[in-house]
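First residue of the first sequence: 51, per my numbering; consecutive thereafter.
Glycine included, C-beta positions come from ideal geometry on N, C-alpha and C.
These numbers were taken from a predicted model, which means no experiment stands behind them.
I have placed the structure first, in the form of structure tokens, so that the comments after it can refer back to it.
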Amino acid sequence: MFERQRPLNDRERQPGPVVCWISRDLRAEDHWGLALAQQDALEHKQPLLVVFCLQSAYLGALPRAFSFMLTGLYETKASLAEKNLPLMILEGPPQDMLPDFCRLASAGVVYCDFSPLRLARAWRSQLAEKLSIPLIEVDAHNVIPCWLASDHQEYGAYTFRPKVSRLLDRFLIAPPALLSHPFSLDSQTRLDLLRLDKREKLPLAPDSSNAQPQPGSRAAKAALQSFIRERLALFDRRNDPNERAASGLSPWLHFGQLAPLRAALDVRGPSAQQAAFLEELIVRRELSDNFCYYNPAYDQFAGFPSWAQATLLRHRGDLRPHLYSLDQLEAAQTADPLWNAAQRELSASGQMPGYLRMYWCKKILEWTPDPETAQAHAIFLNDRYFLDGRDPNGYAGIAWSIGGVHDRAWGERPVFGKVRQMTLAGCRRKFDVDRYIQSVDAAERNEHG
DNA sequence: ATCGGCTCGCGCAA
DNA sequence: TGCGCGAAGCCGAT
51 MFERQRPLND
61 RERQPGPVVC
71 WISRDLRAED
81 HWGLALAQQD
91 ALEHKQPLLV
101 VFCLQSAYLG
111 ALPRAFSFML
121 TGLYETKASL
131 AEKNLPLMIL
141 EGPPQDMLPD
151 FCRLASAGVV
161 YCDFSPLRLA
171 RAWRSQLAEK
181 LSIPLIEVDA
191 HNVIPCWLAS
201 DHQEYGAYTF
211 RPKVSRLLDR
221 FLIAPPALLS
231 HPFSLDSQTR
241 LDLLRLDKRE
251 KLPLAPDSSN
261 AQPQPGSRAA
271 KAALQSFIRE
281 RLALFDRRND
291 PNERAASGLS
301 PWLHFGQLAP
311 LRAALDVRGP
321 SAQQAAFLEE
331 LIVRRELSDN
341 FCYYNPAYDQ
351 FAGFPSWAQA
361 TLLRHRGDLR
371 PHLYSLDQLE
381 AAQTADPLWN
391 AAQRELSASG
401 QMPGYLRMYW
411 CKKILEWTPD
421 PETAQAHAIF
431 LNDRYFLDGR
441 DPNGYAGIAW
451 SIGGVHDRAW
461 GERPVFGKVR
471 QMTLAGCRRK
481 FDVDRYIQSV
491 DAAERNEHG
């Protein structure tokens, strides 16, 4: 079980409480980071403190994403309190807040969770430098720890899949449940630390919109169970936006309110639908972490495979019959009624059917002056509007759509070159486009009336 | 409705 | 060195 963790510095362990800093995995259950931190604390007969560092305006997200995260975090705080584990919410960058926090707590060791993204990794490496105690990273998000699944960027799902299958039995295991923690802070230290916790009260107005999923681990588990009961049997029709057969779990997965491990354990089974869901949940989702972890240009043109860069360069000068500004895209004012409907659903709900997400992104390549602009606009809109924005899955999906990442070359066409194109005519062949547009219209009328 | 051509490169067999 | 095949397609021919 210790193979899920690795040290980020080489400091000596000190006597004192164990701190577990959570940033990507914000749940109390099915959390390998918390489980390993508690095991450490129990062995050393020490208190365990859980801490989160709050930053507003995180990577251009809308307030509703912030609210989703924070509401879920308060639920987690209550769940942890039942186990005698305080969750403190600090305000500020972790590498600035945590060294002082650890000194004040006389902490002996810090655990943290894992993210492959640039900013998250910078926090961890700066924190590892500043701390005088060990910083230990646990991949609490992926079923297979990212750095163990593969030691390089995988070319496609087909190269990653056998590595995942080989390791799955070793890692598809739930962590031990948290125990009611028997060791507490002395009362003076507790008071000193509470003074740092700026967020005792929930400052958020509850989101009254019924278009959006409900935040928190409890709602996540309910959504997982209703997916298993009602929609998993239809999962082979998930690419038809009208079927609404997809799991819709990504907002909870993104904020770590639901463990992929839990979804995998609950869904696991012999049917084709179960296998297809696990393929998406584990192979494809963790392939995104692999991409971002090993490709520092995960959100740039330079991160595309060389065949895609070459073909997109050849077609830079191609005529683009429609060009739209970021404002026009954001306002869903294009000449394509399907794209507009998908964008309006996104604005209203923070979500979009998975198949349309690819179409939506590829159209941005068609409608902007060059691939760099397309990628930048797609990332801006993705990170701002999707509840699961600012996630490796988003950067990998955009790089797949625009830059052929994890894909192969196809017949050469204008603007796209050899990158796979998607068209409105193609969508009409595959599903009832007008029915989808009408369903978005109807949802908007409901929301307003 | 279904099929084939388009086209690249990794991993593995030989 | 050759070969099979891949994360969601497109289009035209049959």
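query: For the segment 283-296 against the segment 466-474, do three or more pairs of beta-carbon atoms, one drawn from each stretch, fall closer than 8 Å, so that the two count as touching?; result: no
query: Which residue wins for smallest C-alpha separation from His365, given the options Gln238, Tyr445, Leu415, Gly444?; result: Leu415
query: According to DSSP, is Glu187 part of a helix, a strand, or is it coil?; result: strand
query: First and last residue of the beta strand (DSSP E) that includes Met543?; result: Past the edges of the chain, shown from 51 to 499, lies residue 543, and the structure says nothing about it.
query: For Trp460, report the span of its beta strand (DSSP E) as first-last.; result: Careful: Trp460 lies outside any beta strand (DSSP E) and carries neither H nor E.
query: With a threshold of 16 other CB atoms inside 10 Å of the CB of Gln383, please say whether the residue is buried or exposed.; result: exposed
query: Buried or exposed: Gln88, going by 16 or more other Cβ atoms within 10 Å of its Cβ?; result: buried
query: Candidates Phe210, Leu198, Pro403, Gly467: which alpha carbon is nearest Arg56's?; result: Leu198
query: Near Ser451, which residues of its chain fall below 6 Å by C-beta distance, leaving aside the five closest residues on each side in sequence?; result: Met408, Cys411, Lys412
query: Output needed for Gly158: all residues of its chain with C-beta closer than 8 Å, excluding positions within five of it in sequence on either side, in chain order.; result: Arg63, Gln64, Pro65, Gly66, Pro67, Val68, His94, Gln96, Ile183
query: Take the Cβ of Tyr208 as the centre, count every other Cβ of all protein chains shown within 10 Å, and call the residue buried at 16 or more, exposed below.; result: exposed
query: Look at the alpha carbon of Arg171 and the alpha carbon of Arg478, and state the distance between them as a whole number of angstroms.; result: 42 Å
query: For a quick check, are the C-beta atoms of Arg77 and Gly444 less than 9 Å apart?; result: no
query: If contacts are defined as beta-carbon pairs under 8 Å, then Leu437 and Phe164 qualify, I think. What distance do you get, rounded to the angstrom?; result: Leu437 to Phe164, Cβ: 21 Å. No contact.
query: Using 8 Å for Cβ pairs, my map puts Ala446 next to Leu337. What's the rounded Cβ distance?; result: 7 Å
query: Taking the alpha helix (DSSP H) that Glu380 falls in, what are its first and last residues?; result: 376-380
query: Determine which residues share a DSSP beta bridge with Cys70 and list them.; result: Val100, Tyr161
query: Do Ala263 and Gly400 have their CB atoms nearer than 9 Å?; result: Per the sequence shown, the amino acid found at residue 263 is Pro instead of Ala. Closer than 9 Å, so yes.
query: Starting from Met138, follow its DSSP beta bridges and name the residues at the other end.; result: Val101
query: Which one or two residues does DSSP pair with Pro57 in a beta bridge?; result: Ile186
query: If I measure Cβ to Cβ from Ala295 and keep anything under 7 Å in the same chain, skipping five residues before and after, which residues do I get?; result: Arg281, Leu284, Phe285, Arg287, Arg288
query: What are the partner residues of Gly467, as DSSP defines its beta bridges?; result: Arg463
query: Applying the criterion that 16 or more other CB atoms from any shown protein chain within 10 Å of the CB defines a buried residue, is Gln393 buried or exposed?; result: buried
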